[in-house]
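4 protein chains.
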Amino acid sequence: MMIMMQPGASQQHISRIVARAESLRLPVQLSRKDGRTTIAVVLQGNDYLFEEFAGMDGVAEARPISNPYKLTSREFQPNDSVVSFNGTSVGGGKLVVIAGPCSVESREQIIETAQAVKEAGADALRGGAYKPRTSPYSFQGLGEEGLEYMAEARELTGLPIVTEVMAPETMPIVSKYADVLQIGARNMQNYALLHAAGESHKPVLLKRGMSSTIKEWLMAAEYILSHGNRRVMLCERGIRTFETSTRNTTDINAVPVLKAQTHLPVIVDPSHSTGHWEYVAAIARAGVAAGADGLIVEVHTHPEVALSDGPQSLKPEKFATMVRQVRALGKALAVG
Amino acid sequence: MMIMMQPGASQQHISRIVARAESLRLPVQLSRKDGRTTIAVVLQGNDYLFEEFAGMDGVAEARPISNPYKLTSREFQPNDSVVSFNGTSVGGGKLVVIAGPCSVESREQIIETAQAVKEAGADALRGGAYKPRTSPYSFQGLGEEGLEYMAEARELTGLPIVTEVMAPETMPIVSKYADVLQIGARNMQNYALLHAAGESHKPVLLKRGMSSTIKEWLMAAEYILSHGNRRVMLCERGIRTFETSTRNTTDINAVPVLKAQTHLPVIVDPSHSTGHWEYVAAIARAGVAAGADGLIVEVHTHPEVALSDGPQSLKPEKFATMVRQVRALGKALAVG
Amino acid sequence: MMIMMQPGASQQHISRIVARAESLRLPVQLSRKDGRTTIAVVLQGNDYLFEEFAGMDGVAEARPISNPYKLTSREFQPNDSVVSFNGTSVGGGKLVVIAGPCSVESREQIIETAQAVKEAGADALRGGAYKPRTSPYSFQGLGEEGLEYMAEARELTGLPIVTEVMAPETMPIVSKYADVLQIGARNMQNYALLHAAGESHKPVLLKRGMSSTIKEWLMAAEYILSHGNRRVMLCERGIRTFETSTRNTTDINAVPVLKAQTHLPVIVDPSHSTGHWEYVAAIARAGVAAGADGLIVEVHTHPEVALSDGPQSLKPEKFATMVRQVRALGKALAVG
Amino acid sequence: MMIMMQPGASQQHISRIVARAESLRLPVQLSRKDGRTTIAVVLQGNDYLFEEFAGMDGVAEARPISNPYKLTSREFQPNDSVVSFNGTSVGGGKLVVIAGPCSVESREQIIETAQAVKEAGADALRGGAYKPRTSPYSFQGLGEEGLEYMAEARELTGLPIVTEVMAPETMPIVSKYADVLQIGARNMQNYALLHAAGESHKPVLLKRGMSSTIKEWLMAAEYILSHGNRRVMLCERGIRTFETSTRNTTDINAVPVLKAQTHLPVIVDPSHSTGHWEYVAAIARAGVAAGADGLIVEVHTHPEVALSDGPQSLKPEKFATMVRQVRALGKALAVG
């Protein structure tokens with residue numbers, strides 16, 4: 129519920145409401161605009177509490193939060209969230225570029241790639257150790273061995289690591305190594321996994337389901353936030369449409385829509401959303417121009433022999449050019 | 129791989145190949161046509177075995193299985209699979225009707241509904257105890273309590289029960305009660321769950337993902353079959369399209385496509401695929417006319433107060449009419 | 129607007145309202161239910177007339193027609209429309225089967241096919257003389273020559289002919305030969321063509337646009353009806369979705385939705401909606417079971433050499449089997 | 129067909145081939161790379177000419193054009209087309225901004241808007257006099273009166289005018305006033321109209337059909353080019369998908385895909401592709417960043433009373449900000 133305080137409401141009035149919410153373990157958020165305070169409280173289904181809060185001293189007006197997602201909404205929290213990990217911050221104005229291979233294939237591969245993307249200007253390293261694959265007979269990832277190689281690459285380059293967690297069972301092992309937990313498109317509505325991510329202390333990169341509406345995506349984020357973890361980033365990775373000339377259709381509209389609806393940072397994945405390396409730089413630029421806070425890009429030193437996603441992986445030189453372009457754009461936008 | 133034996137191949141030749149496959153724990157399937165034997169063997173990624181099998185005595189010709197799904201394909205197994213549980217058989221020619229509420233809401237509700245659908249001619253009872261809900265604040269199901277009520281309803285009516293399992297963690301508890309494990313649309317590519325279902329000894333009703341292609345669906349089934357469980361039924365529950373006058377778009381084409389591609393039984397869910405009770409009977413009839421082996425239909429004794437899916441639930445009387453219609457159609461088709 | 133008359137309203141009251149509407153050249157429709165008369169009048173944008181009609185003697189109540197399509201709605205006309213041509217009636221309870229090749233390719237081909245489909249039980253002959261083709265370099269149809277061959281086939285077999293009109297310019301020449309004017313999916317929102325069809329005196333078969341919603345489709349029909357032609361049939365021919373295993377996705381839900389929303393007859397085209405001859409019979413049966421008034425099916429005596437749509441054309445024998453199946457289904461449904 | 133000349137082929141050899149193509153009225157295009165000449169000739173279905181050309185003196189190698197669209201392909205013409213009208217050039221490197229209301233509603237409105245967009249930096253004026261409307265009862269445009277007002281606005285501001293032509297019948301009247309003929313999304317496969325546009329001498333802005341693939345769109349352009357008009361611009365205006373938070377989904381991927389496949393200029397319409405004015409600037413920036421040659425944007429001085437598309441129209445001040453942003457981006461990209 130949104131509680132608008134009277135213009136002259138005292139700090140004590142405000143504190144009492146906040147304290148009451150906290151004693152009930154309800155999420156609460158303060159904001160101030162034009163000298164008036166608004167207190168957002170998520171009732172989490174306990175709708176009978178509405179009257180109690182509405183009747184407290186200093187309250188001018190109260191109404192329900194209008195969206196079905198609460199904690200996730202910009203209504204609840206008007207200011208942008210900034211998600212930080214290992215010295216990197218997403219959502220704070222500086223464009224963040226995450227790069228690396230689809231899968232960790234070997235120690236050499238991930239270390240070589242980490243050094244190449246670091247040099248090209250990346251801020252974080254991506255790479256999958258547990259891979260969701262359409263076929264049970266395809267390469268399923270190196271598992272913990274892959275995580276160890278990523279940790280080694282982090283040590284050498286200083287890049288924080290982003291890697292996918294596929295099941296609640298592997299949450300502890302993935303959390304041991306990862307700086308950011310990625311939840312993949314196929315798992316966007318795997319509620320047991322969202323629940324586990326909500327109880328984790330790691331930032332989460334939540335990919336949009338292949339055919340999920342923006343509203344469903346924000347509801348999936350709400351599962352994580354409502355279980356206690358507010359460090360969530362949303363990643364647009366293309367949606368499924370009738371068009372077949374690209375692997376998916378980048379829903380570029382989602383960027384400004386999310387910016388209007390939620391305070392969470394927005395990341396664009398131009399690799400999965402196009403499926404062809406030659407379109408990646410154009411869509412990376414478009415994502416930044418539309419207002420994204422970051423990019424996550426597949427880079428492989430030898431795409432032609434990649435065990436997965438070779439056709440959509442940039443070589444390091446092309447990636448370096450892309451980084452220069454998006455940094456230049458970012459500057460032009462900051463001025464404009 | 130598909131191994132076509134020579135016309136005069138001896139039983140011994142055949143047995144040796146089967147024994148070799150079994151010693152390697154590879155799935156194997158025999159079929160005979162026009163006096164010749166074909167042996168299908170799924171190599172499960174061990175492609176180097178191809179030459180060994182192709183070179184064995186009595187082999188006329190060998191080629192890979194042409195589909196990416198192997199065990200699931202009609203190529204591997206030309207004859208229809210029949211999935212049986214508690215005296216009910218799906219895929220054996222008789223139309224099977226599964227009915228019941230979306231969620232188990234109370235002991236009285238599920239028992240009353242079970243008796244009503246039994247009387248109306250249903251063959252099995254559906255009902256969810258663990259519910260995947262878009263919002264973390266919605267009713268999430270009664271859990272084990274709900275399963276106990278279903279078991280009681282089974283005892284009273286004799287109807288086997290079909291209920292959803294949402295996570296590997298709850299597989300043991302759901303398996304303790306269920307006759308058929310349902311895997312929901314949102315979990316169609318939850319590989320940890322598919323893996324667990326593959327190791328279970330219960331039949332599985334695998335719903336199609338909201339935006340999954342038929343090929344992806346068959347690959348998801350392959351995960352279950354390749355982990356040891358061949359008792360899988362496929363359930364078309366509507367796909368997501370641009371049309372908004374119904375909740376989903378029933379992909380009726382999927383019925384004959386599946387019948388051509390796979391030996392697994394096909395069930396149509398006219399409730400989720402339309403979202404409006406007034407269209408359910410028409411789509412149930414269409415599903416049967418297109419060749420489905422069964423239907424799964426939401427029935428609620430008081431849809432107006434249902435905790436979920438009220439608008440698409442039939443009242444028992446309407447359901448009884450629908451059953452009469454589809455049984456009459458089934459007869460007309462059997463004659464034709 | 130919907131004008132509900134008082135229970136005791138006299139025939140004179142009713143006649144005055146009807147006469148007033150007719151003097152304004154507004155479409156008007158009477159219906160009676162439970163002894164009360166309702167008069168539907170389409171104001172055609174002249175909303176200021178609402179008050180005048182509402183204030184006339186004998187009127188109990190008046191309200192706008194709730195749908196954006198008026199003449200097309202079941203609200204305006206509660207009873208099913210029956211569209212008749214050359215002794216054939218669509219919408220009157222008997223299932224109508226229209227069959228023939230995609231394109232008229234030669235005199236021999238169309239005559240041979242007409243005789244074959246007649247013998248197999250078809251009620252009308254389809255065939256295109258003007259063909260909308262994706263490529264400017266593909267065969268564009270025989271034009272008037274093709275129409276002449278169709279007329280000859282009609283003379284020989286007695287089958288009325290259904291053929292496509294692509295542009296207002298060719299409306300006169302196509303109307304000279306056709307019994308039913310087909311408007312193709314690509315032209316569903318070609319308003320100049322809809323306007324011309326509305327001024328024509330021929331029945332119209334209006335195909336659904338590849339990605340048109342049911343509402344847009346009914347609005348397209350409204351263009352024809354509002355320009356004076358009420359003899360419109362709606363043809364579901366599959367919609368564009370993400371699924372690629374069939375050419376289009378048959379929106380079988382559209383059949384009961386249309387039956388609820390409009391009084392116009394509904395035809396299903398299982399050939400375009402699947403794109404593969406082996407799925408045509410299953411979808412034809414599904415269409416009938418869902419409540420369609422008719423089918424339009426591509427039949428070719430030599431599909432392997434067809435100039436267009438060969439893969440989705442049935443040979444006459446397969447077509448004959450399909451007709452037997454759908455007639456049997458029709459009977460079973462009539463009883464049920 | 130693509131004719132690769134020998135390295136030492138003489139000018140005479142080249143001229144003879146070109147002359148032969150021209151004598152047959154076949155489209156022909158020369159290009160040079162690494163000192164070798166390639167001659168592209170579109171056979172327009174006369175495949176028997178292949179051998180003749182392949183056998184001419186100086187030819188090293190010949191092969192068919194690999195795409196189904198020929199004149200439209202980058203294979204046929206490697207260099208970007210520049211489409212010029214009234215002193216404005218699209219495709220030549222400078223970003224072109226077309227702006228104006230959805231419909232011409234009155235003389236005052238279009239003149240006031242023309243002056244406002246001119247001042248804000250627009251290069252051309254858009255406005256519809258003939259409007260394709262879903263409902264036959266909606267405002268259908270002012271017709272020729274609207275065109276006259278647009279011509280007056282052109283005279284006052286110097287802005288060339290872009291306006292829609294809906295039917296071959298109105299081609300002469302629209303051509304009399306328009307600088308650029310717009311073909312709308314609903315008419316993208318209206319072949320009679322494409323044919324007429326091909327015979328026109330005006331540049332054409334061809335909007336993508338709501339659910340047309342890029343390939344179908346290029347084939348529609350091929351209809352225009354193959355009938356003699358090479359001055360075609362392609363306008364991405366959003367596609368229909370399952371997402372409903374925006375009116376359409378901008379297919380931003382289409383920009384780099386088109387740049388790879390065709391030499392024709394690409395325009396992005398952020399107004400129709402989002403349907404909400406608050407997202408227009410973000411998508412305009414994204415379009416430019418992805419490589420578009422121009423933008424077409426709906427601007428209305430009083431969106432709240434617009435007869436059509438009010439919610440997606442920018443007010444002039446917002447439009448001016450958008451123009452500043454995209455010009456700044458354009459500069460940053462040119463440097464990068």
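Quick mapping for you: the protein sequence lines, in order, are chains X, A, D and W.
If you're matching positions, the first sequence starts at 129 in this note's numbering and goes up one per residue.
If you're matching positions, the second sequence starts at 129 in this note's numbering and goes up one per residue.
If you're matching positions, the third sequence starts at 129 in this note's numbering and goes up one per residue.
If you're matching positions, the fourth sequence starts at 129 in this note's numbering and goes up one per residue.
All residues carry an ideal CB built from backbone N, CA and C; glycine is no exception.
Just so we're clear, the structure is a prediction, and the values are computed from it rather than from any experiment.
Residues of chain D with CB under 8 Å from Phe213 of chain X, in chain order?
For this step, residue 213 of chain X is matched to residue 85 along the first sequence. What Phe213 of chain X touches in chain D: nothing, since even the nearest Cβ is about 35 Å away.
Determine which residues of the stretch 365–390 of chain D have a Cβ less than 8 Å from any Cβ of chain X, and write them out in chain order.
Going along the stretch 365–390 of chain D in chain order, one finds Arg368, Thr369, Phe370, Thr372 with a Cβ nearer than 8 Å to chain X.
Considering only DSSP beta bridges, list what Met184 of chain W is partnered with.
Looking up residue 184 of chain W in the fourth sequence gives position 56. Its beta-bridge partners do not exist; DSSP assigns none.
Assuming Gly186 of chain W contacts Gln134 of chain W (C-beta within less than 8 Å), just tell me the rounded distance between them.
As a position in the fourth sequence, residue 186 of chain W is number 58, starting the count at 1. As a position in the fourth sequence, residue 134 of chain W is number 6, starting the count at 1. Between Gln134 of chain W and Gly186 of chain W the Cβ distance is about 6 Å, and since that is below 8 Å, they are a contact.
Taking 8 Å as the CB-CB limit, is Gln317 of chain X close to chain A?
Here residue 317 of chain X corresponds to residue number 189 of the first sequence, with the count starting at 1. Interface residue, yes.
So is Met347 of chain D in contact with chain W if we call contact Cβ pairs under 8 Å?
Taking the first residue of the third sequence as position 1, residue 347 of chain D is located at position 219. Yes - at least one Cβ of chain W is within 8 Å of the one on Met347 of chain D.
Between Met338 of chain D and chain W, is there a C-beta pair that is closer than 8 Å?
In the third sequence, counting from the first residue as 1, residue 338 of chain D sits at position 210. For Met338 of chain D, the answer is yes, since a Cβ of chain W falls inside 8 Å of its Cβ.
Decide yes or no for the touch test of the stretch 142–152 of chain X against the stretch 206–223 of chain X: beta carbon pairs closer than 8 Å, at least 3 of them.
The answer is no - the stretch 206–223 of chain X does not touch the stretch 142–152 of chain X, with fewer than three Cβ pairs under 8 Å.
Which full runs of the beta strand (DSSP E) of 3+ residues lie inside the stretch 253–295 of chain A, going along the chain?
Counting whole runs of 3 or more residues, the stretch 253–295 of chain A contains the beta strand (DSSP E) stretches 289–292.
For a contact meaning CB atoms closer than 7 Å, what does Tyr197 of chain D contact in chain A?
As a working note, residue 197 of chain D is residue 69 in the third sequence. The contacting residues do not exist; Tyr197 of chain D stays about 13 Å from chain A at best.
Smallest Cα separation from Val396 of chain A: which of A:Gln389, A:Ala409, A:Ala388?
Taking the second sequence and counting its residues from 1, the one referred to as residue 396 of chain A is at position 268. Here the closest residue by C-alpha is A:Ala409.
Taking Cβ-Cβ distances shorter than 8 Å, what residues in chain D pair up with Met299 of chain W?
As a first step, residue 299 of chain W is located in the fourth sequence; it is residue number 171 there, counting from the start. What Met299 of chain W touches in chain D: nothing, since even the nearest Cβ is about 11 Å away.
Which chain D residues are close to Tyr351 of chain A, counting only those with a beta carbon under 8 Å from its beta carbon?
On the second sequence, residue 351 of chain A is found 223 positions in, with the first residue counted as 1. Chain D residues near Tyr351 of chain A: none, gap ~19 Å exceeds 8 Å.
Sort out for me which residues DSSP pairs Ala168 of chain W with in a bridge.
As a first step, residue 168 of chain W must be located in the fourth sequence, where it is residue number 40. Per DSSP, W:Met130, W:Gln157.
Step through the CB atoms of chain A and report whether any lies within less than 8 Å of the CB of Arg202 of chain D.
As a position in the third sequence, residue 202 of chain D is number 74, starting the count at 1. Not one chain A Cβ lies under 8 Å of Arg202 of chain D.
Could you name each continuous alpha helix (DSSP H) segment of 4 residues or more that falls completely within the stretch 367–414 of chain A, going from the start of the chain to the end?
With a minimum length of 4 residues, the continuous alpha helix (DSSP H) runs that stay inside the stretch 367–414 of chain A are 382–389, 398–402.
Straight-line CA distance for Asn315 of chain W to Asp421 of chain A?
The residue given as residue 315 of chain W occupies position 187 in the fourth sequence. The residue given as residue 421 of chain A occupies position 293 in the second sequence. Cα-Cα distance, rounded: 43 Å.
Using a Cβ-Cβ cut-off of 8 Å, state whether Met471 of chain D counts as contacting chain W.
Since the first residue shown for chain D is 129 and the last is 464, residue 471 of chain D is missing from the structure and cannot be characterised.
Kindly indicate which three-state DSSP category Gly326 of chain A falls into: helix, strand or coil?
On the second sequence, residue 326 of chain A is found 198 positions in, with the first residue counted as 1. In this structure, Gly326 of chain A counts as helix in the three-state DSSP scheme.
What first and last residue would you give for the beta strand (DSSP E) that runs through Glu364 of chain X?
On the first sequence, residue 364 of chain X is found 236 positions in, with the first residue counted as 1. Element bounds for Glu364 of chain X: 360–364.
Closest by CA to Asp379 of chain A, which one among D:Ala414, D:Gly356, D:Leu386, D:Trp405?
Counting from one through the second sequence, the residue named residue 379 of chain A turns up at place 251. Of the candidates D:Ala414, D:Gly356, D:Leu386, D:Trp405, the one whose C-alpha sits nearest the C-alpha of Asp379 of chain A is D:Ala414.
By Cβ distance below 8 Å, which residues in the same chain neighbour Phe178 of chain A in space, the five residues on each side in sequence not counted?
Position 50 of the second sequence, counted from the first residue, corresponds to residue 178 of chain A. Same-chain partners within the cutoff: Met129, Leu171, Ala190, Pro192.
Consider the Cβ of Pro444 of chain D: report whether some Cβ of chain W lies at a distance smaller than 8 Å.
Residue 444 of chain D sits at position 316 when you count from the first residue of the third sequence. For Pro444 of chain D, the answer is no, since every Cβ of chain W falls outside 8 Å of its Cβ.
In terms of residue numbering, what span does the alpha helix (DSSP H) encompassing Val332 of chain W cover?
On the fourth sequence, residue 332 of chain W is found 204 positions in, with the first residue counted as 1. Counting along the chain, Val332 of chain W falls outside any alpha helix (DSSP H), though it belongs to the beta strand (DSSP E) covering 332–335.
Is there a Cβ from chain W that is less than 8 Å from the Cβ of Lys343 of chain X?
For the purposes of this step, residue 343 of chain X is identified with residue 215 of the first sequence, where counting begins at 1. Lys343 of chain X counts as touching chain W.
Taking just the CA atoms, how far does Val302 of chain W sit from Val232 of chain W?
On the fourth sequence, position 104 is the one that residue 232 of chain W refers to. On the fourth sequence, position 174 is the one that residue 302 of chain W refers to. Distance between the alpha carbons of Val232 of chain W and Val302 of chain W: 14 Å.
Can you pull the DSSP bridge partners for Phe213 of chain A?
Numbered from its first residue, the second sequence carries residue 213 of chain A at position 85. Answer by DSSP bridge pairing, in chain order: A:Thr216.
Can you confirm whether the stretch 283–290 of chain X touches the stretch 318–329 of chain X when touching is taken to mean that 3 or more C-beta pairs between the two stretches lie within less than 8 Å?
Verdict: no, contact absent.
With respect to the alpha helix (DSSP H) encompassing Ile145 of chain D, which residues constitute its N-terminal and C-terminal limits?
As a first step, residue 145 of chain D is located in the third sequence; it is residue number 17 there, counting from the start. Per DSSP, Ile145 of chain D belongs to the alpha helix (DSSP H) from 139–151.
By DSSP's criteria, Gly228 of chain D is part of a beta bridge. Which residues make up the other side?
As a position in the third sequence, residue 228 of chain D is number 100, starting the count at 1. D:Glu426, per the DSSP bridge assignment.
Using a Cβ-Cβ cutoff of less than 7 Å, which residues in the same chain neighbour Lys246 of chain D once the five nearest sequence positions on both sides are dropped?
The count along the third sequence starts at 1 and reaches residue 246 of chain D at position 118. Here the set comprises Thr285, Leu287.
Which residues bound the beta strand (DSSP E) around Ile301 of chain D?
Numbered from its first residue, the third sequence carries residue 301 of chain D at position 173. It is not in any beta strand (DSSP E) - Ile301 of chain D instead sits in the alpha helix (DSSP H) that spans 299–305.
Just checking Thr341 of chain W against the ligand SAH - is the residue's beta carbon closer than 7 Å to any of the ligand's heavy atoms?
Annotation note on the ligand SAH: not contained in the displayed structure, which lists no ligands.
What's the C-alpha gap between Ser441 of chain W and Pro431 of chain W?
Locating residue 441 of chain W in the fourth sequence gives position 313, counting from the first residue. Locating residue 431 of chain W in the fourth sequence gives position 303, counting from the first residue. Going from the Cα of Ser441 of chain W to the Cα of Pro431 of chain W covers about 6 Å.
Pop quiz: Ile352 of chain D and Leu333 of chain D are said to be a contact at Cβ under 8 Å. What is the actual Cβ separation, rounded to whole angstroms?
Taking the first residue of the third sequence as 1, we reach residue 352 of chain D at position 224. Taking the first residue of the third sequence as 1, we reach residue 333 of chain D at position 205. Wrong, their Cβ atoms sit about 11 Å apart, outside the cutoff.
With a cut-off of 8 Å, does the C-beta of Gln134 of chain A fall near any C-beta of chain X?
To locate residue 134 of chain A, count along the second sequence from 1; it is residue 6. Not closer than 8 Å to any Cβ of chain X, the Cβ of Gln134 of chain A fails to qualify, so no.
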